[in-house]
Amino acid sequence: MADKRKRTILIGVLVLVIVVAAAVYFSTRNTTPYVPLFSYELNQEQMQEVEDFLKKGHYDFQTDKKAILVHENEKQEILLEASRVGIPSK
55 MADKRKRTIL IGVLVLVIVV AAAVYFSTRN TTPYVPLFSY ELNQEQMQEV EDFLKKGHYD
115 FQTDKKAILV HENEKQEILL EASRVGIPSK
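Each residue of the sequence shown is one higher than the one before, starting from 55 at the first, in the numbering used here.
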């Protein structure tokens with residue numbers, strides 16, 4: 055009887071841990087679409103400068119040949135912070 059109870063408690067704890075881990079994983083995923091950060095093309099030096107800024111700020115971003123893409127819901131925050139520190143330079 056005691057072994058069955060221990061096994062039931064262990065299974066319950068494992069299920070709880072799995073449910074909590076799944077909830078944390080799915081609640082922290084950013085599923086908003088990526089949009090271009092700037093409406094104009096950047097030269098290579100400016101691209102590198104912006105990429106370094108985004109990495110330093112721990113922002114999730116992607117790059118393609120001519121643009122830097124960020125999550126739509128973070129774009130305004132990033133633009134404000136970048137303009138505050140003068141990025142990209144002209």
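Just so you know, even glycine gets a beta-carbon here, dropped at the ideal spot from N, CA and C. Nothing here was measured: the structure is a model prediction, and the numbers come from that model.
message = Bridge partners for L123 per DSSP, in chain order?
response = By one-based count along the sequence shown, residue 123 stands at place 69. Bridge partners of L123: P90, Q116.
Buried or exposed (CB count within 10 angstroms, at least 16 for buried), R122: Residue 122 sits at position 68 when you count from the first residue of the sequence shown. Per the sequence presented here, residue 122 reads as Ile, with Arg not at that position. Classification for I122: buried.
inquiry  = If you measure between the beta carbons of Q100 and S143, is that distance less than 8 Å?
reply    = Residue numbering aside, residue 100 sits at position 46 when the sequence shown is read from its first letter. Residue numbering aside, residue 143 sits at position 89 when the sequence shown is read from its first letter. The answer is yes: Cβ separation under 8 Å.
Does I72 pass the burial test, meaning 16 or more other C-beta atoms within 10 Å, or should it be called exposed?
For the purposes of this step, residue 72 is taken as the residue at position 18 of the sequence shown. Classification of I72: exposed, given that the 10 Å Cβ count is below 16.
What's the C-alpha gap between K58 and V67?
Within the sequence shown, numbered from 1, the residue matching residue 58 stands at position 4. Within the sequence shown, numbered from 1, the residue matching residue 67 stands at position 13. Those two C-alpha atoms are separated by around 14 Å.
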